[in-house]
RNA sequence: GACCCUAUCGUCCAGUGGCCUAGGACACUCCCCUUUCACGGGAGUAACACGGGUUCGAAUCCCGUUAGGGUCGCCA
């Protein structure tokens, strides 16, 4: 029972969830699920200045959006709570008293410092291997502060106390903590408790290798939510940063990742973040979404557009048309706009190429006349009518396609023309073709 | 500055002494398919940081250099 795997993600509520933090959470989540262990979410809000309900909410929302459910933590509870450090005052006091009684602490300018054991500390890391840190030199390794003069607690101390109290078996965290680990090990030793296993995962940097800061593209999970990425795709992309199934596959069901995931196989090299590949993966997931889920995930992006609140019968056929075309939901409003307004704009280049040609107007009118005679308004019939008209006019069918497309949509590209016209409807399609023939075409 | 980690195409991964004239994916270029764009299919450009070892043999092991990243807070 003591060998049970318990891992934790312990973010500080800074107001945003960094992509690197999200991946740390993900690797914890994957390891917990792989081992059938427990994934704990603990909020490290000892810094009262930065602590706010909203800031915590951003983290919870981000984790939920990525489909990482926690077994213990905020709104879940659990037998090792509370899960906010701001509510664990008495626990820290107890451990503090123990350290003080053991002679490990001394006062310095009103703050409490931990007297280092001044030894060589070995970190046996599951990813980085065995590393020795020589802490014997006071100059290069000053005693760490664990409590401020105002009584508030410092990260290193509360982090260790909570890992003890919450029975954490494996600490999976960013490599930026690797150099802090010997200090933490000293604390475990002074407290007389066994330390957890450590696994430091490499960091995520910008594509050019520079440090990723808050403002950089893709740094905040909120940017993926707002950017309309398919959440499964972002989760999938994150698993591929530092880990791989080894067989070259890129798109993997998360259940399979859970099955295959292993800390020992995680890379030791920092990953450079490539938003293009993430967008590509989102597009891959997009096409495999059911129309229902696609419509559901689209709806927040339709707010404020002509398509907002439209009944499913009107909206879904249009969404079906663009589903295979977009890579993010954010692209949807622009992709469908001309279906829901007569005030659609014409792309200059497409207009120039398709409409500003001699005889374009006459050809469009001939097409409109042919479409008026189509018995059933199906893609097949529309196509047949267009091809027959091409024969009549003595031109290639292809040369009528683009002008028709631009006339009914204003654009040079889009869904299959015949399917698009079917959804647009006979009356609307013909009206747009005639209007364009009158006003735009030469 | 000290200490720690890392080093394969522009990027993400494969490769753990011979199967590597280094493989896959994104991006890029070209071709095919197609009514357009996209999808799909095919082809191409492109990498073992450098220098020493060890070995019959090194992308793979060792050392050094260089480069990048991290830590050294009364931030987390």
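In this note's numbering, the protein residues as written are 162 to 603.
Idealized CB from N, CA, C, for every residue including glycine.
This structure is a prediction, so every number in the text was calculated from the model and none was measured.
At a Cβ-Cβ threshold of 8 angstroms, residue 260 and residue 347 do not count as neighbours. About 4 angstroms separates the Cβ atoms of residue 446 and residue 394, confirming a contact at the 8 angstroms cut-off. Per DSSP, the unbroken alpha helix (DSSP H) holding residue 195 starts and ends at 180 to 195. The continuous alpha helix (DSSP H) containing residue 456 extends over residues 452 to 463. In this structure, DSSP gives residue 221 a helical state, which the three-state scheme calls helix.
Counting only residues of its own chain and dropping the five nearest sequence neighbours on each side, residue 292 has a CB closer than 6 angstroms to the CB of 284.
For residue 307, the closest of 316, 301, 299 and 300 by C-alpha to C-alpha distance is 316. When the beta-carbon positions are compared, residue 573 and residue 527 stay at least 8 angstroms from each other. Rounded to whole angstroms, the gap between the alpha carbons of residue 555 and residue 561 is 11 angstroms. Assigned with DSSP and collapsed to three states, residue 334 falls in strand. Beta bridge pairing from DSSP links residue 170 with 202.
Fewer than three Cβ pairs drawn from the segment 329 to 339 and the segment 262 to 279 lie within less than 8 angstroms of each other, which leaves the two stretches out of contact. Take the alpha-carbon of residue 365 and the one of residue 177: they are about 16 angstroms apart. With 16 or more other Cβ atoms from the protein chains shown falling within 10 Å of its own Cβ, residue 182 counts as buried. The beta carbons of residue 436 and residue 353 sit no closer together than 8 angstroms.
Distances from the alpha-carbon of residue 490 to those of 174, 324, 462 and 173 put 462 closest. A direct Cα-Cα distance of roughly 52 angstroms separates residue 363 from residue 503. With fewer than 16 other Cβ atoms inside 10 Å of its own Cβ, residue 238 counts as exposed. Residue nearest to residue 215 within the set 288, 253 and 173 is 173 (criterion: CA-CA distance). Ranked by how close their Cα comes to the Cα of residue 450, the residues 557, 488, 406 and 244 have 488 in first place. Residue 266 sits in a strand when the DSSP states are folded into three classes.
With distances taken between CA atoms, residue 404 lies nearest to 431 out of 392, 431, 390 and 384. The count of Cβ pairs closer than 8 angstroms, one atom from the segment 539 to 547 and one from the segment 577 to 588, reaches three, so the stretches are in contact. Using a Cβ-Cβ distance cut-off of 8 angstroms, the segment 463 to 476 and the segment 408 to 428 are not in contact, since fewer than three pairs of beta carbons, one from each stretch, lie closer than that value. With a cutoff of 8 angstroms on beta-carbon distance, residue 194 and residue 171 are scored as not near each other.
Looking from the CA of residue 570, the closest CA among 559, 516 and 301 belongs to 516.
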